[in-house]
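Chemist:
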Amino acid sequence: MTSVPFKMAGQRRSLMQSEQQQSWTDDLPACRLCGVGTATNCTYGPDGKGIEEHANEDGYLRFRGDNGCFLYGVFNGHEGNRVANFVSQRLAAELLLGQLSSSHTDADVRKVLLQAFDVVERSFFESIDDALAERANLLSQLPEGVPLHQLPPQYQKTAEGISILEREISGGATAMVALILNNKLYIANVGTNRALLCKSSSDGQNQVIQIGMGHTTENEDELFRLAQLGLDSAQIKQAGLIGGQNSTRRIGDYRVKYSYSDIDLLRPAKSKPIIAEPEIHGGQSLQGVTGFLLLMSDGLYRALETAHGPEQANQEIVSIVAAECAQQNSLDAVAQAVVDRVRKVHHETYLSGRERAKFCTRHEDMTLLVRTFNYQLGGEASDPALTPTQGGRIYPVSVPYSNNQSTSKTSVTLSLVMPSQGTMMNGSHTNSTLDEITPTLTNQSPTATLQSNNTQTQSSSSSSGDGSLFRHRGSQALQPDENGRVEPYVDFSEFYRLWSNEHQDASAIVLGPQ
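Position one of the sequence shown corresponds to residue 77 (the working numbering), numbered consecutively onward.
(1) Could you tell me which of L241, P349, E236 and I339 sits nearest to T292, measuring between CA atoms?
(2) Does the separation of the CB atoms of V266 and F200 fall below 9 Å?
(3) Throw me the rounded Cβ distance for the L261 and A254 pair, which I believe falls under 8 Å.
(4) Are the Cβ atoms of L307 and A345 separated by less than 9 Å?
(5) Please say whether T382 and R326 have beta carbons closer to each other than 9 Å?
(6) Suppose contacts are defined by Cβ-Cβ distances below 9 Å. Is F151 in contact with N269 by that definition?
(7) Would you mind reading off the limits of the beta strand (DSSP E) that contains Q382?
(8) Buried or exposed for L172, please, with buried defined as at least 16 other CB atoms from any protein chain shown within 10 angstroms of its CB.
(9) Return the residue from the list A413, A249 and Q404 that minimises the CA-CA distance to I156.
(10) What do you reckon, are the CB atoms on L167 and L190 nearer than 9 Å?
(11) DSSP on Y451, reduced to helix/strand/coil?
(12) Might you give, ordered along the chain, the residues of its own chain that have their beta carbon closer than 8 Å to the beta carbon of D441, omitting 5 neighbours on each side?
(13) Tell me which residues share the same chain as Y426 and place their Cβ nearer than 6 Å to its Cβ, disregarding the 5 neighbours each side in the sequence.
(14) Pairing CB atoms from the segment 447-454 with CB atoms from the segment 396-414, are three or more of them under 8 Å?
(15) Would you kindly work out how many angstroms separate the C-alpha atoms of D184 and V195, rounded to a whole number?
(16) Alpha carbon to alpha carbon, how far is V446 from I396? Give it in angstroms, no decimals.
(17) Here's a check: name, in chain order, each residue in its chain whose Cβ is nearer than 6 Å to the Cβ of S178, leaving out the five neighbours to either side.
(18) Compare the Cα-Cα distances from S276 to each of E202, G174, A389 and V394 and report the closest residue.
(19) Would you mind working out which of A413, T443, E400 and H384 sits nearest E424, comparing C-alpha positions?
(20) Going by DSSP, what residue range makes up the alpha helix (DSSP H) through H357?
(21) Any C-beta of chain C sitting closer than 9 Å to the C-beta of D374?
(22) How would you label Q321, buried or exposed, when you count the other beta carbons within 10 angstroms and need 16 or more for buried?
(23) In angstroms with no decimal places, state the Cα-to-Cα distance between T366 and R343.
(24) For K260, list the residues DSSP reports as bridge partners.
(25) Is the beta carbon of R419 closer than 9 Å to that of H439?
(26) Would you tell me roughly how many angstroms separate the C-alpha atoms of A352 and G328, rounded to the nearest one?
(27) Any idea what DSSP makes of N143, helix, strand or coil?
(28) When you compare only the Cα positions, how much space is there between R301 and L317?
(29) Measure the C-alpha to C-alpha separation of N213 and R198 and round it to an integer number of angstroms.
(30) Output needed for E298: all residues of its chain with C-beta closer than 6 Å, excluding positions within five of it in sequence on either side, in chain order.
(31) Is G237 helix, strand or coil when you go by DSSP?
(32) Based on Cα-Cα distance, which residue from R243, V188 and T181 lies nearest to E210?
(33) Which residues mark the beginning and the end of the beta strand (DSSP E) in which C118 is found?
(34) Return the chain-ordered list of same chain residues with a C-beta closer than 8 Å to the C-beta of Q97, the five sequence neighbours on each side being excluded.
(35) Report all residues from its chain with a CB closer than 7 Å to the CB of A235; omit the five preceding and five following residues, and keep chain order.
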């Protein structure tokens, strides 16, 4: 009899794997207007080398539906990837099988999203009904009040079966979902993942918007919600974790949802405190928008926050995305390059031994989804002058981060690339140092501000001499003349000539260096 739980659990796992391998979502058209990058978790040893502690628990979806409908999602699982995989499969079924119509209002779309999340979670719990029944049956065979690790030898097989079932029913996931319908953007968030929208204007100014806030034990709105249920919000904030996670909303996690009275922190709650109800934003019109949308698991932005601090993490990620867009020719390459860059920043901070190194001993799984809107990649540019110079330093966006849903309108240049200190030969670097330079946040700004369009640096050239703004130099350093000056690197003679031609009283004004 004791082998039955093991056999039945194995049969269920085989069935679930078969369903995942033959999922109907494989037949849905994938959206080609986005790219995805991923990295697995990593813990560093004393020698600086990293090891993977567990299989990747993140998930994502990117589908194109009918009637101009697009669905994207990033999911962060815990205690396994089962819930994240389940949600990524089932959520598409609840949203892309005719539930949405171009005639729907914003209120209609929000209602459909709420229903979809509710159905998905209930469906997951239904999928573990058999395991729950088996677990209850085995528990009834044990002596009351004796912990599993203290059971007599004759109960060890039963205890092992219970442990297997516990792993099968445990685990949960957070979700960040973006839906585009009627050229409007809707965001549905459950948990700690993040959505950023970057809008670029025709004059090169950009807006970076964080859509919604993470549902954590530090979110004042969530603490107020839990206090309304009879919980001590100060105690929750101090504890930081609920059931091993800092999220106050998550999908699945049966033990925290239905056995919360067994958890001291949640026992006073009048009703289920940890919920899967999404916070929904939108619809926001995308008419005429140029820019990109970023959906990311919390492992990505937290890796950057631990390395550089949380104050400007959003703007730094957007800056890196913009810089990679200016150099890559596919969105998958952009997303993966950004993830690799953040991972490298995190690792180098750990190796540095500086103050923040102690926060960078490990990072979780990372997933980034990039969706562009009327945004040209560097590999698609017709004018090579629009691509940032290889080997330059990337100055991050300097839009102030706010915990509120405010929109900053600070003028920024996302892909501003200044020459590095390597020797330049005919406008190009003798060696590329871009990967060797960590894009750290700084309050220093370049003396010259370049405005960019679609975050690609533009150089305005004159029609002087060889048609170049810059004078050609040899590899030898220039020597100062008798007045202690060196030949200017930038040739403004054509500018002076044109300005003088347009001003009659040129004799009264002396232009240019004397």
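Built from N, CA and C at the ideal position, the CB exists for glycine as well.
Modeler: Straight from the coordinates:
(1) As a position in the sequence shown, residue 292 is number 216, starting the count at 1. When each option's Cα is compared against that of T292, the closest is P349.
(2) On the sequence shown, position 190 is the one that residue 266 refers to. On the sequence shown, position 124 is the one that residue 200 refers to. Cβ distance not < 9 Å, so V266 and F200 don't count as in contact.
(3) Stepping through the sequence shown from its first residue, residue 261 is reached at position 185. Stepping through the sequence shown from its first residue, residue 254 is reached at position 178. About 7 Å separates the two Cβ atoms, so the contact holds.
(4) What you label residue 307 is simply residue 231 of the sequence shown in a count that begins at 1. What you label residue 345 is simply residue 269 of the sequence shown in a count that begins at 1. For L307 and A345, yes; Cβs fall inside 9 Å.
(5) Along the sequence shown, one-based indexing puts residue 326 at 250. Along the sequence shown, one-based indexing puts residue 382 at 306. For R326 and T382, no; Cβs fall outside 9 Å.
(6) Taking the first residue of the sequence shown as position 1, residue 151 is located at position 75. Taking the first residue of the sequence shown as position 1, residue 269 is located at position 193. Cβ distance < 9 Å, so F151 and N269 count as in contact.
(7) Residue numbering aside, residue 382 sits at position 306 when the sequence shown is read from its first letter. Going by the sequence as given, residue 382 is Thr instead of Gln. Per DSSP, T382 is not a residue of any beta strand (DSSP E); the alpha helix (DSSP H) it occupies stretches across D374 to H384.
(8) As a working note, residue 172 is residue 96 in the sequence shown. So L172 ends up on the buried side.
(9) Position 80 of the sequence shown, counted from the first residue, corresponds to residue 156. Inspection of the sequence shows that residue 156 is occupied by Gly rather than by Ile. The residue with the shortest Cα to Cα distance from G156 is A249.
(10) The residue labelled residue 167 in the question sits at position 91 within the sequence shown. The residue labelled residue 190 in the question sits at position 114 within the sequence shown. Against a cut-off of 9 Å, the Cβ pair of L190 and L167 comes out as no contact.
(11) Taking the first residue of the sequence shown as 1, we reach residue 451 at position 375. It is coil, neither helix nor strand.
(12) If you number the sequence shown from 1, residue 441 lands on position 365. T114, A115, T116, N117, N132, E133, D134, N152, S373 and G375, listed in sequence order.
(13) Mapped onto the sequence shown, residue 426 falls at position 350. The residues are Y120, A433 and C436.
(14) yes
(15) As a first step, residue 184 is located in the sequence shown; it is residue number 108 there, counting from the start. As a first step, residue 195 is located in the sequence shown; it is residue number 119 there, counting from the start. Each residue's alpha carbon lies about 16 Å from the other.
(16) As a first step, residue 396 is located in the sequence shown; it is residue number 320 there, counting from the start. As a first step, residue 446 is located in the sequence shown; it is residue number 370 there, counting from the start. Approximately 12 Å, taken between the alpha carbons.
(17) Stepping through the sequence shown from its first residue, residue 178 is reached at position 102. Contacts found: N143 and N258.
(18) On the sequence shown, position 200 is the one that residue 276 refers to. Here the closest residue by C-alpha is V394.
(19) Position 348 of the sequence shown, counted from the first residue, corresponds to residue 424. The shortest C-alpha separation from E424 is found at H384.
(20) Within the sequence shown, the letter at position 281 stands for residue 357. Taken as a continuous stretch (DSSP letters only), H357 belongs to no alpha helix (DSSP H), being part of the beta strand (DSSP E) at E355 to S361.
(21) Going by chain labels, chain C is absent from the structure shown, which holds only one protein chain.
(22) By 1-based counting over the sequence shown, the position of residue 321 is 245. Q321 is buried by the Cβ-count criterion.
(23) Reading the sequence shown from its first residue, position 290 is the one you call residue 366. Reading the sequence shown from its first residue, position 267 is the one you call residue 343. About 49 Å.
(24) Taking the sequence shown and counting its residues from 1, one reaches residue 260 at position 184. K260 pairs with L257 and S361.
(25) In the sequence shown, counting from the first residue as 1, residue 439 sits at position 363. In the sequence shown, counting from the first residue as 1, residue 419 sits at position 343. In this structure, R419 lies closer than 9 Å to H439 by Cβ.
(26) Taking the first residue of the sequence shown as position 1, residue 352 is located at position 276. Taking the first residue of the sequence shown as position 1, residue 328 is located at position 252. Their Cα atoms are separated by approximately 8 Å.
(27) As a working note, residue 143 is residue 67 in the sequence shown. If DSSP states are grouped into helix, strand and coil, N143 belongs with coil.
(28) The sequence position of residue 301 within the sequence shown is 225, counting from 1. The sequence position of residue 317 within the sequence shown is 241, counting from 1. Cα to Cα, R301 sits roughly 16 Å from L317.
(29) Locating residue 213 in the sequence shown gives position 137, counting from the first residue. Locating residue 198 in the sequence shown gives position 122, counting from the first residue. In a straight line, the C-alpha of N213 is about 22 Å away from that of R198.
(30) In the sequence shown, the residue the question calls residue 298 occupies position 222. H291 and T324.
(31) Here residue 237 corresponds to residue number 161 of the sequence shown, with the count starting at 1. DSSP places G237 in helix when its eight states are reduced to three.
(32) Counted from its first residue, the sequence shown places residue 210 at position 134. For the residues R243, V188 and T181, the minimum Cα distance to E210 belongs to R243.
(33) Residue numbering aside, residue 118 sits at position 42 when the sequence shown is read from its first letter. Per DSSP, C118 belongs to the beta strand (DSSP E) from C118 to Y120.
(34) Sequence index remark: in the sequence shown, residue 97 carries index 21 (1-based). Note that Q97 scores a pLDDT of 44, beneath 50, so its modelled location is shaky; the value from the coordinates is reported in the next line. Closer than 8 Å at Cβ, skipping near neighbours: no residue.
(35) Along the sequence shown, read from residue 1 onward, the residue named residue 235 stands at position 159. Excluding positions up to five away in sequence, the list reads L224 and L227.
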